[in-house]
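Residue numbers (my numbering): 73 to 283.
Ideal Cβ placement from N, Cα and C applies to all residues, glycine included.
Heads up: the structure comes next, in structure tokens.
Dropping the structure here:
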């Protein structure tokens, strides 16, 4: 089964393992859903539209990525250059979509379809004001529709305990099943300045010790 290509073995002995200064550890849960997917036609709610983001939409993508992901410590797309992001969005096997309502962008869905027969949901989320509106389910239905169009028979994603406490329940409601646990070690983006120190207040911010 496909998992993150950076997954490595961790110590198996029980115990506490202190992190290096400036590092975070996220308990990560992998989910998958196998075909068949819902055959029902997809319709966006009234007043909501969806459009694909391409290499000419870098500013829109970055704005949406930050406005949705800052509270969950999303950072990967902030770590790459404009040319690298443009290459990602120009790749025919990457599909990134923005949701728009009343002239404002409110949602992001990104799929990676490089692996034959599979589709990874790389990012799916809504701005805080749009949560609880039912649009999350609509976005997931659209993700399944895109996976079907790609002849994928497996859709997978991962979430972690930095994400919304409702994320796992939402994915399971959408038919996903958990199949693997991992621990991700990452640099705290609030220390590097990629995100504000007050971002993701549910994740304790431990500044580097003064010399």
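(request) Would you be able to state if there are at least three C-beta pairs under 8 Å between the stretch 222-235 and the stretch 99-108? (result) yes
(request) Put residue 105 into one of helix, strand or coil per three-state DSSP. (result) The sequence position of residue 105 within the chain shown is 33, counting from 1. DSSP places residue 105 in strand when its eight states are reduced to three.
(request) Just confirm the distance between the C-beta atoms of residue 267 and residue 145, as a whole number of angstroms; I'd bet it's less than 8 Å. (result) The residue you call residue 267 lines up with position 195 of the chain shown. The residue you call residue 145 lines up with position 73 of the chain shown. The pair is a contact, with the Cβ atoms about 7 Å apart (cut-off 8 Å).
(request) Can you say whether residue 173 is buried or exposed, counting buried as having 16 or more other CB atoms within 10 angstroms of its CB? (result) For the purposes of this step, residue 173 is taken as the residue at position 101 of the chain shown. The residue is buried, with at least 16 neighbouring Cβ atoms inside 10 Å.
(request) Check residue 207 in the structure and name its three-state DSSP category. (result) Position 135 of the chain shown, counted from the start, is the residue given in the question as residue 207. The answer is helix: DSSP assigns residue 207 an H, G or I state.
(message) If contacts are defined as beta-carbon pairs under 8 Å, then residue 211 and residue 196 qualify, I think. What distance do you get, rounded to the angstrom?
(response) In the chain shown, the residue the question calls residue 211 occupies position 139. In the chain shown, the residue the question calls residue 196 occupies position 124. Contact holds; Cβ gap of about 6 Å.
(request) Just tell me which of 151, 120, 184 has its CA closest to the CA of residue 296. (result) The question about residue 296 has no answer here: the residues shown for the chain are numbered 73 through 283.
(request) Output the distance between the C-alpha atoms of residue 91 and residue 190, rounded to the nearest integer angstrom. (result) Translated into positions along the chain shown, residue 91 becomes position 19. Translated into positions along the chain shown, residue 190 becomes position 118. For residue 91 and residue 190, the distance between alpha carbons rounds to 34 Å.
(request) Taking only runs that begin and end inside the stretch 104-150, name each unbroken beta strand (DSSP E) of 3 or more residues, in chain order. (result) 120-124
(request) Report yes if the C-beta distance between residue 176 and residue 125 is below 9 Å; otherwise report no. (result) For the purposes of this step, residue 176 is taken as residue 104 along the chain shown, with counting starting at 1. For the purposes of this step, residue 125 is taken as residue 53 along the chain shown, with counting starting at 1. No. Outside cutoff.
(request) Could you pull out every residue in the same chain whose Cβ sits closer than 7 Å to the Cβ of residue 259, ignoring the five residues on either side in sequence? (result) Here residue 259 refers to the residue found at position 187 when the chain shown is read from its first residue. Taken in chain order, the residues that qualify are 94, 95.
(request) Quick one: grab the DSSP three-state call for residue 182. (result) Position 110 of the chain shown, counting from 1, holds the residue named residue 182. It is a strand residue.
(message) Once DSSP output is grouped into helix, strand and coil, what is the label at residue 195?
(response) As a position in the chain shown, residue 195 is number 123, starting the count at 1. If DSSP states are grouped into helix, strand and coil, residue 195 belongs with the strands.
(request) Pair every Cβ in the stretch 125-137 with every Cβ in the stretch 148-164, then say whether three or more of these pairs are closer than 8 Å. (result) yes
(message) For residue 163, tell me which candidate among 128, 265, 97, 139 has the shortest Cα-Cα distance.
(response) For this step, residue 163 is matched to residue 91 along the chain shown. It is 128 whose Cα lies nearest to the Cα of residue 163.
(message) Using 8 Å for Cβ pairs, my map puts residue 130 next to residue 158. What's the rounded Cβ distance?
(response) Here residue 130 refers to the residue found at position 58 when the chain shown is read from its first residue. Here residue 158 refers to the residue found at position 86 when the chain shown is read from its first residue. Between residue 158 and residue 130 the Cβ distance is about 6 Å, and since that is below 8 Å, they are a contact.
(request) In angstroms with no decimal places, state the Cα-to-Cα distance between residue 205 and residue 99. (result) Counted from its first residue, the chain shown places residue 205 at position 133. Counted from its first residue, the chain shown places residue 99 at position 27. Near 28 Å, if we compare the C-alpha coordinates of residue 99 and residue 205.
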